[in-house]
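Numbered according to full-length UniProt numbering, the sequence shown spans residues 1 to 263.
Backbone N, C-alpha and C fix where the C-beta goes; we use that ideal spot for every residue, glycine too.
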Amino acid sequence: MKRTLWITLAFIMILGLLVACRGNQQTSIIEERDASDAVGTTSSGNESPNIEQEQSTIDNQITESRSAIESPKLVDNAESTGPIKADENSKNIEPKLAEPSNPVKNTEVSEQIVINSPDYGTIEIIGKDGTSQIIELGTLDLVVGYGGVKRSTGTINGPGKITAVSFAALLEVVGGYSADDRIVITATDGYVATLTGKEIAGSVPTYNIEGGPVSAIVQGVIMVESDHEALNNNLPRVAFIGEEPVVTDGFQWVREVAKIEVR
């Protein structure tokens, strides 16, 4: 009986020791776990700010790099006091050419005005060597003077203002004439009159507007126009003109001249 009791007590003691050891072991494990958690918490708390700081630094560097790329700074000329920031859209702005201060505007091309020579008719002229040429009177230089006609009946037409071509200009085309040459003038109706070189040069009788003799300087011409109605017919015709109103004999005023020949 006593033996059984001792065995039971021993078993109980062993069981108690086992239970106590098991409890101590669990307590140790829990303490180690708590200690490990505490260390992990402390370590994490110390490292987190460093990681966040490094991340912030990297973000700032990226932001600055991006700003430098997207918004480049423009540097003014040497007189500028500092850099000028470009507009945020400047990278998309294309250079623009300066407009001229006085832009040239398109103008319409004006129609060219062609002034035709007046149609005063034509005359055939023949030089002493037989050279012949048709002359348009409107293409030659014109002279202006005053002259009138005294008919054989004593009637006077004019004087009036006369526009004409001088014999000198007309005959120069075929070699001109001299004072001793004869100038043969033929009208369209076949009438022929002959004047000397001296007469063409102005050596003819002259009269005043009343028909009386007067000394005046005149020259022979081929009239193409006059402001006097009685003289402005049957053109072109021979006339004698001066700087002042003067009258000459009518038989010399050959009308409707068609040909002039130097002989």
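Sequence-distant Cβ neighbours of K259 in its own chain, meaning closer than 6 Å and more than five residues away, are E124, T186. In this structure, the beta-carbon distance from Q252 to L195 falls below 8 Å. Here G211 really is in contact with G154; their C-beta atoms are around 6 Å apart, less than 8 Å. Judged by DSSP secondary structure, A169 falls within the alpha helix (DSSP H) whose first and last residues are 167-171. Restricted to the stretch 144-198, the beta strand (DSSP E) segments that are unbroken, complete and at least 3 residues in length are 156-166, 182-187, 192-196, listed in chain order.
Taking 8 Å as the cut-off, the Cβ atoms of G158 and G242 do not count as close.
For a cut-off of 8 Å, the C-beta gap from V257 to T163 is around 15 Å, too long to register as a contact. Across the set I183, S117, G202, the C-alpha of G202 shows the shortest separation from the C-alpha of S215.
Closest by C-alpha distance to A239, out of Y177, F167, K198, is F167. For V257, the enclosing beta strand (DSSP E) stretches over residues 257-262. DSSP places A10 within a helical segment (H, G or I) once states are collapsed to three.
Measuring C-alpha to C-alpha distances from N233 to each of T248, K128, G160 identifies G160 as the nearest. The beta carbon of K150 lies closer than 8 Å to those of I156, Y207, G211, V247, T248, D249, G250 in the same chain, with the five residues before and after it left out.
Exclusion of the five residues before and after S117 leaves E136, G138, T139 as the residues of its chain whose Cβ lies within less than 8 Å of its Cβ.
Secondary structure note for Q219: its beta strand (DSSP E) is the uninterrupted segment 219-226. Rounded to the nearest whole angstrom, the CA to CA distance from G197 to Q133 is 20 Å. Going by DSSP, V254 is part of no beta strand (DSSP E) at all; its letter is neither H nor E. If you look at I126, you'll find it in the beta strand (DSSP E) that goes 122-126. Going by DSSP, I241 is part of the beta strand (DSSP E) stretching over 237-241. Here V262 is not near Y191, since their CB atoms are 8 Å or more apart.
Its chain contains G197 as the residues whose beta carbon lies nearer than 7 Å to that of D180, once the 5 sequence neighbours on both sides are disregarded; these appear in chain order.
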